[in-house]
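Using the working numbering, the first residue of the sequence shown is number 34, and each one after it goes up by one.
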Amino acid sequence: MSSIEMPARDLLVAVDIGGTFTDITLQDADTGRAWTAKTPSTPADPSEAFLTGVALALEAAGRPAEGIGRVLHGTTVATNLILEGKGACTALVTTAGFRHVLEIGRQDIPRAANLYTWVKPARPVPPERVVEVVERIAADGSVLTPLDEASLADAVAACRAMGVQAVAVCLLHAFTNPAHERRVAAALREALPDLAVTASSEVLPVVREYERSLATILNAQVMPAVSTYVGRLERRLAAAAIDAPLLLMKSNGGVAGAAAIRRAPAVTALSGPAAGVVGARAMAEAAGFPDIITVDIGGTSADICLMKGGEVALTQRGRVGDWPLPLPMVDMVTIGAGGGSLARVTAAGALAVGPESAGAMPGPACYGRGGTQATVTDAHVVLGHLPPRLLGGRMALDVEAAEAAVRRCVAEPLGMGLHEAARGILAIADSNMVGAVRVVSVERGHDPRDFALVPFGGAGPLHGCALADLLGIRTVLVPPSPGVLCAQGLLAADLKAEFSRSLHAGEAGDAAVEAAFAALEAEATAWFAEEAVPPAARRTRRVVLMRYAGQGSELAVPWSGAANAPAAFGAAHRALYGFELPGTAVEMVTLRLEATGALAGTITAPCPPGVGAAPIGHHRVHFAGGSRDAALYDRGTMGAGDRLAGPAIVTQLDATTLVPPGWSVEMEANGALVLRREEEDA
């Protein structure tokens, strides 16, 4: 069965595995009806929670596993391996004379680091595991020094003697002529068939030796574990009578088949967050909000992204942990702020929140799994922002444990009251997230007040109004299922791939660029065939990465011919930086072809008309202005047009929405909650 053919079976299942919970959405492709499930993640073997969650969703729907026709998955396996430095032991084969490219790196200091105390992190491949081969390709692709076969044989022997599990091959200027690199990779695969071998021309054939080397190394390091995980998952799906194509989310907001992911697993580094952005765009557009800022707050991190005109912007300047990863990925900022973020008093007597997290086990103290440290979720419990039970009543919260943790870890060391300490925890967490929002908005020429805020993730709707107040945003849009939007976003994603090639100085004319794009389109055609994308569903978009002569970074501009390119670049430069430089030479650095195979998925469904929102109870909430009784509402009983005013708490299976005083709520026709700031506080 091909990877995107729509089988007769009408169920689609999407699974997103997070640090604390695994989210599942099961959808009937014919009717659009969906069922959701949420289960604790199993870090030791993520596939366990995967199958547990699928079983829960099937049980809720009353449908058999045999009815599933497509499985979509967002995975953090590659991300965690990179962040924790636990990938396969890897060697690097490079051009003679370039052994220390990784060690030299860049002169940049991380923006949050102290200039005088920052220590360069240890490279993922130390110099003793870097092997050189004698060869040299010029910048224009011509051969300066032929590949020396004796040095290649020595390199293969050295990799064998080191006992590594993976080898990355990154030769100088292989992006213009990959012949030598392909020969080296072929020799390694033939002599060492048990090793994972990755060549830069297969992963990232673009300029910049340091970044290209890192991307190739990281891909090689995660390849064995990701391949093992995907294989285990396919076997477990088969054992559960789920004989359906497995598609995995990539960092660019699209999905790809398991075979493509095995070859280039590093493209899944921001898999889960990218799915959330895709889901938020689909939901917001259906509600009439094309300009949005998304804040995905989970148990461990918060991912922030800005979309204008409904376009998900891609960047090739992304980072994962300490490392730049210039693979095309959704342009977002990630910080260590989530529901499980630990609150502590530093040695200097200051309150700090995150980036350390309580994780899935033991989790926040209020979860009753043995956690004793105060977390953001515990602060919400102390202040009454959460109802006594979560997950549809399946999970009781331990209020006393939350209060004890906040009192011991924060209130007593700082000599303040319990509620004051809890509000302090949330204020620090919100401030950290506002800083990240300003990175994607103000620092890139956008006024956040011109956008609607879309908070999602399990903790997002608890923080939405507070973040909006800090940013001056007056509209907050809460998706129908905010806690599982990353899973739902998988249903709205298309198959997607990018094919890139850097140019050299002699390739600036229309003819040379057209020839290069034609070669990239041939690669895209082969990919379409591998993924069985029918011709009617195939789309491509040409993009060129450009810069002013002398600049060190590029901007992506849609390609409309060499004559129009300088003006298009100038407009993009002015929009981002506030100025352009007429008369200055413009360089085309890299061509990128974005290929999409449309899957025609959707996550939006009409919401039945409401009959008036009626509270199901009341709950005491401790706001900064004093304690108030907040009305409790069950979101499942609300319909289109229903309205309510804060203070209120809207509960549902996967998330809780806090509506402070001064905010009102209306349910849209697509099931989204629109929260608006009133002119004056209630």
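We put the CB at the ideal spot given by N, CA and C, even for glycine. Computed from a predicted structure; not experimentally measured.
Among the options, whose alpha-carbon lies nearest the alpha-carbon of residue i?
{"i": "L459", "options": "R477, T327, G450 and L495", "result": "L495"}
{"i": "A437", "options": "G542, S660, G401 and R571", "result": "G401"}
{"i": "P639", "options": "D411, M394, G65 and A454", "result": "G65"}
{"i": "P591", "options": "A582, Y581, Q584 and A605", "result": "A605"}
{"i": "L225", "options": "A124, S284, G138 and V239", "result": "A124"}
{"i": "G516", "options": "G332, L135 and R710", "result": "G332"}
{"i": "A302", "options": "L624, S80 and G354", "result": "G354"}
{"i": "I57", "options": "P76, D78 and A93", "result": "A93"}
{"i": "F489", "options": "A646, A526, P306 and T635", "result": "P306"}
{"i": "I368", "options": "L347, A499 and C338", "result": "C338"}
{"i": "E726", "options": "A381, T408, G382 and G403", "result": "This structure does not reach residue 726, given that the chain is present from 34 up to 715, and the question cannot be answered."}
{"i": "P79", "options": "R96, L266 and H206", "result": "L266"}
{"i": "A317", "options": "P513, A274, R507 and T209", "result": "P513"}
{"i": "V622", "options": "D187, A557 and H537", "result": "H537"}
{"i": "P323", "options": "A277, S334, A308 and V345", "result": "V345"}
{"i": "Q406", "options": "V414, A589, G704 and R377", "result": "R377"}
{"i": "V197", "options": "R625, P159 and E556", "result": "P159"}
{"i": "G611", "options": "E476, S374, P693 and T178", "result": "E476"}
{"i": "A380", "options": "T209, P143, C442 and A315", "result": "C442"}
Using a threshold of 9 Å, state whether the C-beta atoms of residue i and residue j are closer than that.
{"i": "P642", "j": "A673", "result": "yes"}
{"i": "A67", "j": "Q685", "result": "no"}
{"i": "V202", "j": "V217", "result": "yes"}
{"i": "A297", "j": "E235", "result": "yes"}
{"i": "V472", "j": "L504", "result": "no"}
{"i": "E627", "j": "E531", "result": "yes"}
{"i": "G733", "j": "I330", "result": "Residue 733 falls outside the range modelled here, since the chain spans only 34 to 715, and no answer is possible."}
{"i": "P420", "j": "T689", "result": "yes"}
{"i": "L237", "j": "P359", "result": "yes"}
{"i": "E136", "j": "R162", "result": "no"}
{"i": "V255", "j": "V110", "result": "yes"}
{"i": "D675", "j": "V707", "result": "no"}
{"i": "L447", "j": "A455", "result": "no"}
{"i": "I325", "j": "L486", "result": "yes"}
{"i": "M195", "j": "N285", "result": "no"}
{"i": "S304", "j": "M282", "result": "yes"}
{"i": "V288", "j": "T108", "result": "no"}
{"i": "E168", "j": "A129", "result": "yes"}
{"i": "L553", "j": "R625", "result": "yes"}
{"i": "G679", "j": "V692", "result": "yes"}
{"i": "A412", "j": "V439", "result": "yes"}
For residue i, does the count of other Cβ atoms within 10 angstroms reach 16, so buried, or fall short, so exposed?
{"i": "W696", "result": "buried"}
{"i": "G457", "result": "buried"}
{"i": "M700", "result": "buried"}
{"i": "I50", "result": "buried"}
{"i": "W151", "result": "exposed"}
{"i": "Q60", "result": "buried"}
{"i": "R103", "result": "buried"}
{"i": "T617", "result": "exposed"}
{"i": "S464", "result": "exposed"}
{"i": "P481", "result": "buried"}
{"i": "L185", "result": "buried"}
{"i": "M39", "result": "Reliability of the predicted coordinates at M39 is poor, the pLDDT of 42 falling under 50, and no value is obtained from them."}
{"i": "N597", "result": "exposed"}
{"i": "V48", "result": "buried"}
{"i": "E244", "result": "buried"}
{"i": "P615", "result": "exposed"}
{"i": "M466", "result": "buried"}
{"i": "Y149", "result": "exposed"}
{"i": "Q349", "result": "buried"}
{"i": "I142", "result": "exposed"}
{"i": "Y666", "result": "buried"}
I believe residue i touches residue j by the beta-carbon criterion, under 8 Å. Please report the beta-carbon distance rounded to the nearest angstrom.
{"i": "I101", "j": "V46", "result": "5 Å"}
{"i": "A501", "j": "V511", "result": "Actually they are not in contact, since the Cβ atoms of A501 and V511 sit about 11 Å apart, beyond 8 Å."}
{"i": "A62", "j": "D43", "result": "5 Å"}
{"i": "H133", "j": "G417", "result": "Going by Cβ atoms, the distance from H133 to G417 rounds to 57 Å, so no, they are not a contact pair."}
{"i": "I603", "j": "D543", "result": "The residue you asked about is not Ile; residue 603 is Gly in the sequence shown. 19 Å between Cβ atoms; not a contact."}
{"i": "I170", "j": "H213", "result": "6 Å"}
Do residue i and the ligand MG come close, with the Cβ less than 8 Å from some heavy atom?
{"i": "G594", "result": "Among the components modelled here there is no ligand, and therefore nothing to report on the ligand MG."}
Worksheet entry | Continuous beta strand (DSSP E) assignments of at least 3 residues falling wholly in the segment 618 to 664 | 619 to 630 and 650 to 656
Worksheet item: Whole beta strand (DSSP E) runs in the segment 535 to 566 with 3 or more residues, listed along the chain?
Response: none
Worksheet item: What residue ranges within the segment 248 to 300 form continuous alpha helix (DSSP H) runs of no fewer than 4 residues, ordered along the chain?
Response: 291 to 296
Fill in: alpha helix (DSSP H) runs contained entirely in the segment 299 to 365, provided each spans 4 or more residues
304 to 319
Worksheet entry | Continuous alpha helix (DSSP H) assignments of at least 4 residues falling wholly in the segment 433 to 491 | 451 to 473
Worksheet item: Mind pulling the beta strand (DSSP E) runs of 3 or more residues that sit fully within the segment 122 to 165?
Response: 123 to 128
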